[in-house]
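Participant:
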Amino acid sequence: MLETFTEVMRQRLSRPLQYFMDICIRCGLCADACHFYADSRDLAHIPAYRALLVKKLLQSKGNPLLDWYRENHWPDERTVEELRKALWDCTGCRRCTLICPFHLDTGLLVSTARYALLQEGLGMNMVAEIGKAEVSKGEIIDALKEFYVGQIQELEGRLRQEWGIPDLRIPVDEPARVLYVPVVGEHAIIPLAKIFYAAKESWTLSLFTATNHSFFVGDMEKAKKAAHWIVQEARRLGAQVIAYAECGHATRTLLNFWDHWFGDEIAGIQRVSVVQLVASYLQEGRIRVREGAFDVPMTYHDPCNLGRNAGIFEEPRMLIRAVATDFRELTPNRELNWCCGGGGGLIAEPEMFEVRMKAGRKKVEQIQRTGAKWVVTACENCKTQLSDLNERYGLGVEIKGVVDLIADALVL
Amino acid sequence: MSTLAFLFYYVTPYIAVAVFFGGLAYRVYRWWRAKPVAAHLSLYPRPHRRWGAFMEMLIETVTLKMVFNAIKISGSALPITAGLALHGALFLALAHHLPVFFHLPALRSSAIWAAFGTLMGLTFGALLLYALAHRMEGRRKHLSVPQDYLALLLLIGIVVTGLHIRLLHTLDAQELPRFFLGLATFHWQPVPQSAGPAFIWHFAFVQLLMVYFPFSKFSHMVGYPLAKMVAYS
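Here the protein sequences come in this chain order: A and B. Numbered according to this note's numbering, the first sequence spans residues 1 to 412. Numbered according to this note's numbering, the second sequence spans residues 1001 to 1233.
Here it is as structure tokens:
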């Protein structure tokens, strides 16, 4: 039982994981950091226990004395159940890594072990399938292009009328300075169309989306392939800047994985989150906003993958402060912020809905304590999760993106 | 002297020392050999790497940054503070052993030095008992495997035998350093008598610990300073 899992795990045991397996002293501090454990008090949700489960599977068995010493046994149905819970009920937020005195990376462990579990057929298949589709999209992009461009033109026409801007453009796949990579849905395009117009930016819309579901299931080969389409597109269009939409995991891959994935291929191309790009427009005076445009108490939720995993803390705050009269911080915030409970691909898996709702209770408490009416964030996953939490727990708040605020307060 | 006693006093100590250092080196070698992850994995805010990851590692080890981080996030500071104190008492109790290995008659005869040793031994012992109780309570009970308890019991054994020597025997100022310096220089000296029979147990537990050390959770000693290096790789 679980032979494939063990075999794949052994092959993929990287340096930080080898270190993890050797070093974890099971002090249990990480439990305090986990929003899953905070609600469920389930052993399988303690990060150190997640690691112990994997470690037990990796250890040799059969020697009675050693088996007692390590509390080892041959895996059974219960092991499988615990393993599923330990590896899929995780958003990879890495708050536990922050609390760990040894910096042990449960996010990495879960990512690697999810891949191994998928090979065993015990996976989140929906997420893996979307990941595969993102890889193969590049092969059929020429066939999709015409339809996509048509849709965007339609949107362009609509926005021109709506905003009364006859020269508004949404360029697709054209040579430009900035390649903007959205997420699925026009809500990721509309505010940027306005902001880029106001900043007089030379920009173009990518044919691809930033989301990279293979990353959630630890399939880095596929994640790299999916991202490579965007690298090729940027080079073909001569883009100097690749800006990713408000999307947590994709921004993290862009900022922290691309150097290792693509090396020289992306030399000279600046990579930013669109939040950083818009913040630079405001700082350089390329766009102007109505100061204090929104007289509503609002708070900012630091997405794990933008905050503690990619270091984008101040830019969104700068943007929000520019248009808000009453900005309130969540407690704790920045790198210590609680995960909303929607990351790690859980959003894409319908059967994980209830799990998500429980994992979000910490977030609900946090939001309620601020008394904010608007919850602003910069990650698609967080937005969906926060909206679901809002509905489930009757928070009575509105969920907004950082760029939405700026677009709505623009002085054209 | 029986063959067994001879082995115990004059042969196994060398093996213990060799396994201790060799084992720890092997640990580090295993981490070094494992393939790094193709990504930046460290968390933010990330300090500037102006002096390189190595300097950062030294600074973070000295300032215990990650431990204080843990206190900041965890609601309860007591277990972490106790853990820090446990390590502090351990190092000070070890420092108290200086006159055992070197000829320092002034320290050996000092009443303050003796009281300091007793205090550190008792503190370390008390904190070990706290750690044991802490481990048997609540969620940590289910998180623990037998090796976690064994490690604590081994340390408690060393503390109890050590305190036994400390409190019930007056050590000869020359005898112990002569014996240990003799071991170190391969000029073997007679087995010390002034420490009484508990010395055998104390010495045995320590040798056992040294052999066990690199192959157990104790290896976190060499792991802690390397934590950031591993994350950066």
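Built from N, CA and C at the ideal position, the CB exists for glycine as well. Quick caveat, the model's predicted, so the values are computed rather than measured.
1) Three or more C-beta pairs closer than 8 Å, one from the region 1001 to 1018 of chain B and one from the region 276 to 288 of chain A: is that the case here?
2) Can you find a CB in chain B that lies within less than 8 Å of the CB of residue 337/A?
3) Would residue 315/A and residue 275/A qualify as a contact pair, given that the criterion is a beta-carbon distance under 8 Å?
4) Do you know how far the Cα of residue 1221/B is from the Cα of residue 1064/B?
5) Could you check the C-alpha separation between residue 332/A and residue 33/A for me, to the nearest Å?
6) If contact means a Cβ-Cβ distance below 7 Å, which residues of the region 68 to 98 of chain A contact chain B?
7) Who are the neighbours of residue 1045/B on chain A, taking C-beta pairs under 9 Å?
8) Reducing DSSP to helix, strand and coil, say where residue 1145/B ends up.
9) Which two residues bound the contiguous beta strand (DSSP E) that contains residue 11/A?
10) Does the beta carbon of residue 1155/B come closer than 8 Å to any beta carbon on chain A?
11) Touch check for the region 299 to 308 of chain A and the region 245 to 262 of chain A: three-plus C-beta pairs under 8 Å?
12) Residue 246/A by DSSP, collapsed to three states: which one?
13) Does at least one heavy atom of the ligand SAH sit under 7 Å from the Cβ of residue 1062/B?
14) Can you pull the chain B residues whose beta carbon is under 9 Å from the beta carbon of residue 361/A, in chain order?
15) Report, in whole angstroms, the separation of the C-beta atoms of residue 342/A and residue 91/A, which I expect to be a contact under 8 Å.
16) Excluding the five sequence neighbours on either side, which residues of its own chain have a C-beta within less than 6 Å of the C-beta of residue 1113/B, listed in chain order?
17) Here's the rule I'm using: 16 or more other beta-carbon atoms within 10 Å means buried, otherwise exposed. How should residue 63/A be labelled?
18) Find the residues of chain A that neighbour residue 1066/B, judging by a C-beta separation of less than 8 Å, and give them in chain order.
19) Assign residue 19/A to one of two classes, buried (16 or more other C-beta atoms within 10 Å of its C-beta) or exposed (fewer than that).
20) Cα separation between residue 1144/B and residue 21/A?
21) So the alpha helix (DSSP H) residue 1080/B belongs to, where does it begin and stop?
22) Which residues mark the beginning and the end of the beta strand (DSSP E) in which residue 298/A is found?
23) Chain B partners of residue 230/A, CB-CB under 7 Å?
24) Given a threshold of 16 other Cβ atoms within 10 Å of its Cβ, counted over all protein chains shown, does residue 411/A qualify as buried or as exposed?
25) With a threshold of 8 Å, are at least 3 pairs of Cβ atoms found where one atom belongs to the region 1115 to 1132 of chain B and the other to the region 1153 to 1165 of chain B?
26) If I measure Cβ to Cβ from residue 348/A and keep anything under 7 Å in the same chain, skipping five residues before and after, which residues do I get?
27) So residue 180/A and residue 243/A are in contact, right, with Cβ under 8 Å, and what is the actual spacing, rounded?
28) From the beta carbon of residue 302/A, is the nearest beta carbon of chain B less than 8 Å away?
29) Run through DSSP, which three-state label would residue 1168/B get?
30) Does the Cβ-Cβ distance between residue 226/A and residue 135/A come in under 8 Å?
31) Output yes or no for whether 8 Å exceeds the beta carbon distance between residue 1041/B and residue 101/A.
32) For the beta strand (DSSP E) that contains residue 400/A, what are its first and last residues?
33) The beta strand (DSSP E) spanning residue 270/A covers which residue range?
34) Given a cut-off of 8 Å on the beta-carbon distance, is the pair residue 172/A and residue 152/A in contact?
35) Let me know the secondary structure DSSP gives residue 74/A once reduced to three states.
36) Mapping DSSP to helix, strand and coil, what is residue 314/A?
Facilitator: On the basis of the data shown:
1) Contact between the region 1001 to 1018 of chain B and the region 276 to 288 of chain A is absent, because fewer than three Cβ pairs lie under 8 Å.
2) No, its Cβ sits nowhere closer than 8 Å to a Cβ of chain B.
3) At the C-beta level, residue 315/A and residue 275/A come within 8 Å of one another.
4) Using only the alpha carbons, I get a separation of about 13 Å.
5) Each residue's alpha carbon lies about 12 Å from the other.
6) Along the region 68 to 98 of chain A, the positions whose C-beta sits under 7 Å from a C-beta of chain B are 68, 69, 70, 71, 94, 97 and 98, read in chain order.
7) Correct list: 308, 311, 313, 334 and 335.
8) Residue 1145/B: coil per DSSP, three-state reduction.
9) Note, residue 11/A: premise wrong, no beta strand (DSSP E); alpha helix (DSSP H) at 3 to 11.
10) Interface residue (Cβ-Cβ distance to chain A less than 8 Å): residue 1155/B is not classified as such.
11) Segments in contact, yes.
12) Here residue 246/A sits in coil by DSSP.
13) With respect to the ligand SAH, the structure offers nothing, as it holds no ligand at all.
14) Neighbours of residue 361/A on chain B: none; closest Cβ ~16 Å, over 9 Å.
15) Confirmed, about 7 Å.
16) Hits under 6 Å: 1107.
17) Result: exposed.
18) The answer, in chain order, is 100, 101, 102 and 103.
19) Residue 19/A should be labelled buried.
20) Rounded to whole angstroms, residue 1144/B to residue 21/A spans 14 Å at the Cα level.
21) Run containing residue 1080/B: 1078 to 1095, per the alpha helix (DSSP H) assignment.
22) Here the beta strand (DSSP E) through residue 298/A covers 294 to 301.
23) Think of a sphere of 7 Å around the beta carbon of residue 230/A: no beta carbon from chain B falls inside it, the nearest being about 17 Å out.
24) Residue 411/A comes out exposed.
25) Touching, per the Cβ criterion.
26) By the criterion of a C-beta distance shorter than 7 Å, residue 348/A is surrounded in its chain by 126, 127, 130 and 213, once the five residues flanking it on both sides are discounted.
27) Going by Cβ atoms, the distance from residue 180/A to residue 243/A rounds to 5 Å, so yes, they are a contact pair.
28) No, residue 302/A does not count as interfacial toward chain B.
29) Correct three-state label for residue 1168/B: helix.
30) In this structure, residue 226/A places its C-beta atom within 8 Å of the C-beta atom of residue 135/A.
31) It is not a contact, given that the beta carbons lie outside the stated cut-off.
32) Where residue 400/A is concerned, the enclosing beta strand (DSSP E) stretches over 398 to 401.
33) Per DSSP, the continuous beta strand (DSSP E) segment holding residue 270/A begins and ends at 270 to 273.
34) Yes, these two residues count as a Cβ contact at 8 Å.
35) Three-state result, residue 74/A: coil.
36) Helix at residue 314/A.
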